[in-house]
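Residue numbers (the numbering used here): -7 to 496. These notes are about the structure you will find just below.
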């Protein structure tokens, strides 16, 4: 009944307390990206915990004839083979083998792995014998008992345990980096989901909710210290009435950010610089920084930059999808040929006030104009590599080199269409983009800007709870701990600090 099924006579004894405890343990480990190996009952617990289903009895519910799955021979002896899925983690663990000889002691098995897992081995009768993550996480379940082989001095199953201990070491190293570094996401659009009801916003951010990808529980599980939440403004009409509405919308969103932080002040605080984040981390709190996505918020009134600086923003993206009065957009009509005359004034004023200039969404001409004029480093808070996925929103290698030369930072983003031109984008693609950017720019000029809640997110890095999985993949790509500290926060914070140094 715990899993929504009526019990079969063949089910045998059940212990609800044990089931509930183990299902909870598996779910919580999964939410925290903790490596998991499930053996026998363990594979069934993993499947049930993550949305899959199990046979109560394979002989009654299984399809077609089954081989004997409860052997009479010694436990350290193999009684049948399993066929390994091509290209699976299990195949990689066993050096490319296509079959394995295994032991067998079960009358239950996984029948559907569910949305988060895939089949990595089956027995000759089609019974699922192994499952693994389909989202590039350290998860593996096997129906047989590999430990029985090792206890009999048979080394054939040792690769499974070597994999687990290696992943545990990597996870421990990732946790150490997160404990001793500032982990920052430079761009999320969570305020897009805020309602007029302040209490609903507070609850959505402060408690476990599937409505948003960034909230306190998910930041805690992913060990994310700081997130820059933006007041996003879609490009609209360019007249005085529309400008008033845009400013009002920006102020409303910034106030809503203030409200959710204030209501959860025991766990989170507002920050505007590196020292603020460090202080909050020392207090065991998360940090929220504020930004504006689209200079449409200021219309043609440059004095509003001072207003929004006082509201606590750390950066402003000069445009979004469509040209505005400041500059041409990557998705625009080349109205100004780059920065407008007003846009040049905006760059100078942002430098004076210490507001970072964000050139994500801008046309190349706008990018190069801002880069030439700005006295402070500029950033691209959520852009990926055009060399790997040609798209006007991505940065060319030449743009990356120019940005690095001026001590700027490119933050790789997770919008699927910016990672791949076809097929499903995953965390592997995001890592590939970061590796490419680091090769072109140097590791001192790259970072991560997820665009969570703005259609950013891919399997393996789908919300804030999975940030540490990105760190894990960087370690697997042999980035050093110091490299990762730079990538996961210090590079962007350096740009912020240098920008603050231009304040006049």
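Virtual Cβ for every residue (Gly too), placed ideally from N, Cα, C.
| task | Please go through the same chain and pick out, in chain order, the residues whose beta-carbon is closer than 6 Å to the beta-carbon of residue 278, but skip the five residues on each side of it. | result | The residue labelled residue 278 in the question sits at position 286 within the chain shown. Counting only Cβ-Cβ distances below 6 Å, and skipping sequence neighbours, we find 211, 260.
| query | What residues match up with residue 311 in a beta bridge as DSSP calls it? | reply | On the chain shown, residue 311 is found 319 positions in, with the first residue counted as 1. Looking at the DSSP assignment, residue 311 forms no beta bridge with any residue, so it has no partner.
| message | Distance check for residue 204 and residue 34, CA to CA, integer angstroms please. | response | Start at 1 with the first residue of the chain shown, and residue 34 comes out as number 42. Start at 1 with the first residue of the chain shown, and residue 204 comes out as number 212. Between residue 34 and residue 204, the alpha-carbon positions lie close to 31 Å from each other.
| request: Sort 377, 191, 258 by Cα distance to residue 424 and report the nearest one. | output: Counting from 1 along the chain shown, the entry for residue 424 is found at position 432. The option with the nearest alpha carbon to residue 424 is 377.
| Taking three-plus beta-carbon pairs below 8 Å as touching, is the segment 309 to 321 in contact with the segment 446 to 456? | Taking a cut-off of 8 Å on C-beta distances, the segment 309 to 321 does not touch the segment 446 to 456, as fewer than three cross pairs fall below it.
| What residue ranges within the segment -7 to 67 form continuous alpha helix (DSSP H) runs of no fewer than 4 residues, ordered along the chain? | Entirely contained in the segment -7 to 67, the alpha helix (DSSP H) runs reaching 4 residues are, in chain order, 8 to 23, 33 to 41, 50 to 53.
| query | When DSSP labels each residue in this structure, what does residue 140 get in the three-state scheme? | reply | The sequence position of residue 140 within the chain shown is 148, counting from 1. Residue 140: helix per DSSP, three-state reduction.
| field | Residues of its chain near residue 413, where Cβ-Cβ distance is below 6 Å and the 5 sequence neighbours each way are ignored | value | Residue mapping note: residue 413 aligns to position 421 of the chain shown, counting from 1. Taken in chain order, the residues that qualify are 381.
| field | DSSP-derived helix/strand/coil call for residue 445 | value | Along the chain shown, read from residue 1 onward, the residue named residue 445 stands at position 453. The DSSP-derived three-state label of residue 445 is coil.
| Counting Cβ pairs closer than 8 Å, one from the segment 39 to 52 and one from the segment 73 to 92, do we hit at least three? | Here the segment 39 to 52 makes no contact with the segment 73 to 92; the two share fewer than three CB pairs at distances below 8 Å.
| query | Taking just the CA atoms, how far does residue 461 sit from residue 418? | reply | Numbered from its first residue, the chain shown carries residue 418 at position 426. Numbered from its first residue, the chain shown carries residue 461 at position 469. The straight-line gap from Cα to Cα measures roughly 12 Å.
| task | Express the C-alpha separation of residue 369 and residue 490 in angstroms, rounding to a whole number. | result | Position 498 of the chain shown, counting from 1, holds the residue named residue 490. Position 377 of the chain shown, counting from 1, holds the residue named residue 369. Their Cα atoms are separated by approximately 7 Å.
| said: Once DSSP output is grouped into helix, strand and coil, what is the label at residue 490? | reply: Looking up residue 490 in the chain shown gives position 498. Per DSSP, reduced to three states, the secondary structure at residue 490 is helical.
| query | Rounded to the nearest angstrom, how far is the Cβ of residue 468 from that of residue 476, given a contact under 8 Å? | reply | One-based indexing of the chain shown puts residue 468 at position 476. One-based indexing of the chain shown puts residue 476 at position 484. About 11 Å separates the Cβ atoms of residue 468 and residue 476, ruling out a contact at the 8 Å cut-off.
| request: Identify every residue that forms a DSSP beta bridge with residue 372. | output: Looking up residue 372 in the chain shown gives position 380. 402.
| task | Let me know the beta strand (DSSP E) ranges lying completely inside the segment 400 to 484, each 3 residues or longer, listed in chain order. | result | Annotation: the segment 400 to 484 contains the following complete segments of the beta strand (DSSP E) (minimum length 3 residues), in chain order: 401 to 404, 438 to 440.
| With 16 other CB atoms within 10 Å as the buried threshold, where does residue 112 fall? | Your numbering for residue 112 matches position 120 in the chain shown. Residue environment for residue 112: buried (at least 16 other C-beta atoms within 10 angstroms of its C-beta).
| query | Terminal residues of the continuous alpha helix (DSSP H) containing residue 263? | reply | For the purposes of this step, residue 263 is taken as residue 271 along the chain shown, with counting starting at 1. No alpha helix (DSSP H) holds residue 263; DSSP gives it neither H nor E.
| query | For residue 305 versus residue 335, is the C-beta spacing smaller than 9 Å? | reply | On the chain shown, residue 305 is found 313 positions in, with the first residue counted as 1. On the chain shown, residue 335 is found 343 positions in, with the first residue counted as 1. Contact: no.
| field | Reference residue 146, options 128, 70, 338, 299, closest by Cα | value | Start at 1 with the first residue of the chain shown, and residue 146 comes out as number 154. Nearest of 128, 70, 338, 299 to residue 146, Cα basis: 70.
| query | Are at least three pairs of beta-carbons, each pair with one atom in the segment 92 to 110 and one in the segment 122 to 141, less than 8 Å apart? | reply | Yes, they touch.
| request: For the beta strand (DSSP E) holding residue 283, just list the boundary residues, first then last. | output: Along the chain shown, one-based indexing puts residue 283 at 291. Element bounds for residue 283: 278 to 285.
| task | Taking residue 157 as part of the alpha helix (DSSP H), name the residues at either end of that continuous run. | result | By one-based count along the chain shown, residue 157 stands at place 165. Note, residue 157: alpha helix (DSSP H), 150 to 172.
| message | Using C-beta distances below 6 Å, list every residue in its chain close to residue 326, excluding the 5 sequence neighbours before and after it, in chain order. | response | Taking the chain shown and counting its residues from 1, one reaches residue 326 at position 334. Cβ within range, chain order: 320.
| Per DSSP, what kind of secondary structure is residue 84 in: helix, strand or coil? | The residue you call residue 84 lines up with position 92 of the chain shown. Helix, per DSSP.
| said: Distance check for residue 206 and residue 174, CA to CA, integer angstroms please. | reply: Translated into the one-based positions of the chain shown, residue 174 becomes position 182. Translated into the one-based positions of the chain shown, residue 206 becomes position 214. The C-alpha of residue 174 lies about 17 Å from the C-alpha of residue 206.
| query | How many angstroms separate the CA atom of residue 23 from the CA atom of residue 458? | reply | The residue you call residue 23 lines up with position 31 of the chain shown. The residue you call residue 458 lines up with position 466 of the chain shown. Their Cα atoms are separated by approximately 8 Å.
| So what does DSSP say about residue 134, is it helix, strand or coil? | Mapped onto the chain shown, residue 134 falls at position 142. It is a strand residue.
| Leaving out the 5 sequence neighbours to the left and right, which residues in its chain are closer than 6 Å to residue 132 when beta-carbon positions are compared? | For the purposes of this step, residue 132 is identified with residue 140 of the chain shown, where counting begins at 1. Residues 29, 124 of the same chain have their beta carbon placed closer than 6 Å to that of residue 132, with the five preceding and five following residues left out of the count.
| request: Could you check what DSSP says for residue 211 in three-state terms: helix, strand or coil? | output: Sequence index remark: in the chain shown, residue 211 carries index 219 (1-based). Looking at residue 211 - three-state DSSP - the assignment turns out to be helix.
| said: Starting from residue 247, trace the beta strand (DSSP E) in both directions and tell me its first and last residue. | reply: In the chain shown, the residue the question calls residue 247 occupies position 255. From DSSP, residue 247 is part of no beta strand (DSSP E) but of the alpha helix (DSSP H) over 232 to 255.
| task | Could you check which residue in 26, 31, 36, 27 has the C-alpha nearest to that of residue 11? | result | What you label residue 11 is simply residue 19 of the chain shown in a count that begins at 1. For the options 26, 31, 36, 27, the alpha carbon positioned closest to that of residue 11 is the one of 36.
| request: Return the residue from the list 331, 271, 268, 27 that minimises the CA-CA distance to residue 361. | output: As a first step, residue 361 is located in the chain shown; it is residue number 369 there, counting from the start. Comparing Cα positions, the closest option is 331.
| field | Residues near residue 385 by beta carbon distance below 7 Å, same chain, minus five either side | value | As a working mapping, residue 385 is identified with position 393 in the chain shown. If the five residues before and after residue 385 are omitted, its C-beta is found closer than 7 Å to the C-beta atoms of 322, 353, 375, 410, all from its own chain and listed in chain order.
| Integer Cβ distance of residue 484 from residue 427, believed to fall under 8 Å | Taking the first residue of the chain shown as position 1, residue 484 is located at position 492. Taking the first residue of the chain shown as position 1, residue 427 is located at position 435. So it is not a contact: roughly 18 Å between Cβ atoms.
| task | Determine the DSSP secondary structure at residue 495, reduced to helix, strand or coil. | result | As a position in the chain shown, residue 495 is number 503, starting the count at 1. Residue state, collapsed to three classes: coil.
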